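The listed protein sequences correspond, in order, to chains A and B. The opening position of the first sequence corresponds to residue 4 in my numbering, with each subsequent residue numbered one higher. The opening position of the second sequence corresponds to residue 9 in my numbering, with each subsequent residue numbered one higher. Note that CB positions come from ideal geometry on N, CA and C, so glycine has one too. Model, not experiment: these values are computed from the prediction.
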Amino acid sequence: AQKITQTQPGMFVQEKEAVTLDCTYDTSDQSYGLFWYKQPSSGEMIFLIYQGSYDEQNATEGRYSLNFQKARKSANLVISASQLGDSAMYFCAMNSGGSYIPTFGRGTSLIVHP
Amino acid sequence: KAGVTQTPRYLIKTRGQQVTLSCSPISGHRSVSWYQQTPGQGLQFLFEYFSETQRNKGNFPGRFSGRQFSNSRSEMNVSTLELGDSALYLCASSRGTSGSGTYNEQFFGPGTRLTVL
């Protein structure tokens, strides 16, 4: 069975500062994929970034980067230079074992202060 | 490329009624998944359809059903509504054919917010 844990229910950050959102995962599969999604108050889940278990480099997409530490089974999302529009729920998710259905964490609510 | 669309965006129903939600995936995507999101339970997987067949199913009662049409559009039906069915229902589309399945990026629609009174 696969499991995603997000231990931070809520996070606050000052505008223009960097913030790290934690995600740990558990799977017995060697091949898996890790995803981060953003969900604004409007409800739509927006794909941010993907990391494959065999990728040697940490994934980056603009201001988003994924700090992938395989031995520790962690896949933290780093948002650099936070903007007010980054205020949202953030979900970590994982596919493994050939399943097309990701397992989602409970999410972290991020609030960016001006 | 048009995104995933869901209709209606908002619904208000009363207990005992039934409801049908619709989802149109991104062109070329053959997989459609449905999720229920509530504050208490988080995001829960309902079922996934691929090429008109239910390929995966979550742990929901039989009142929740779905189908997929030949154009990949999908509908979800909930019969005999209960108060606890009030939730945001999200639809996600993906190619659904990524080899090992590890990279199967899902694109979500805006959701249908269902309120059961």
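query: When DSSP labels each residue in this structure, what does alanine 87 (chain A) get in the three-state scheme?
result: Position check: residue 87 (chain A) holds leucine in this sequence, whereas alanine was assumed. Correct three-state label for leucine 87 (chain A): helix.
query: Mind pulling the chain A residues with CB within less than 8 Å of asparagine 67 (chain B)?
result: Correct list: empty, because the minimum Cβ distance to chain A is about 12 Å.
message: If I measure Cβ to Cβ from serine 87 (chain B) and keep anything under 8 Å in the same chain, skipping five residues before and after, which residues do I get?
response: Gln26, Arg71, Ser73
- prompt: For the 8 Å Cβ check, are there 3 or more pairs between the stretch 106-117 of chain A and the stretch 6-20 of chain A?
  reply: yes
task: Use the C-beta contact count for aspartate 29 (chain A): other C-beta atoms within 10 angstroms, 16 or more gives buried, fewer gives exposed.
output: exposed
query: Taking buried to mean at least 16 other C-beta atoms within 10 Å of its own C-beta, is lysine 19 (chain A) buried or exposed?
result: exposed
Per-residue burial, histidine 37 (chain B) [other beta carbons within 10 Å of its own, 16 or more giving buried]: buried
task: Alpha carbon to alpha carbon, how far is proline 33 (chain B) from serine 101 (chain B)? Give it in angstroms, no decimals.
output: 5 Å
Whole-angstrom distance between arginine 75 (chain B) and glycine 48 (chain B), CA atom to CA atom: 27 Å
field: Cβ-Cβ distance between glycine 119 (chain B) and leucine 89 (chain B) below 8 Å
entry: no
field: Where leucine 89 (chain B) falls: helix, strand or coil (DSSP)
entry: coil
- prompt: Cα separation between threonine 8 (chain A) and glycine 50 (chain B)?
  reply: 12 Å
- prompt: With 16 as the cutoff for other CB atoms within 10 Å, does leucine 29 (chain B) come out buried or exposed?
  reply: buried
message: Relative to the C-alpha of serine 78 (chain B), which candidate in B:Ser35, B:Gln14, B:Pro16, B:Ala10 has its C-alpha closest?
response: B:Ser35
message: Can you list, in chain order, the residues of its chain with a C-beta nearer than 6 Å to that of asparagine 64 (chain B)? Leave out the 5 residues immediately preceding and following it.
response: Glu56
message: Looking at chain B, is there any beta carbon in it that lies within less than 8 Å of the beta carbon of asparagine 98 (chain A)?
response: yes
message: Between which two residues does the beta strand (DSSP E) holding methionine 48 (chain A) run?
response: Element bounds for methionine 48 (chain A): n/a, residue is neither H nor E.
- prompt: Any beta-carbon of chain A closer than 8 Å to the one on leucine 98 (chain B)?
  reply: yes
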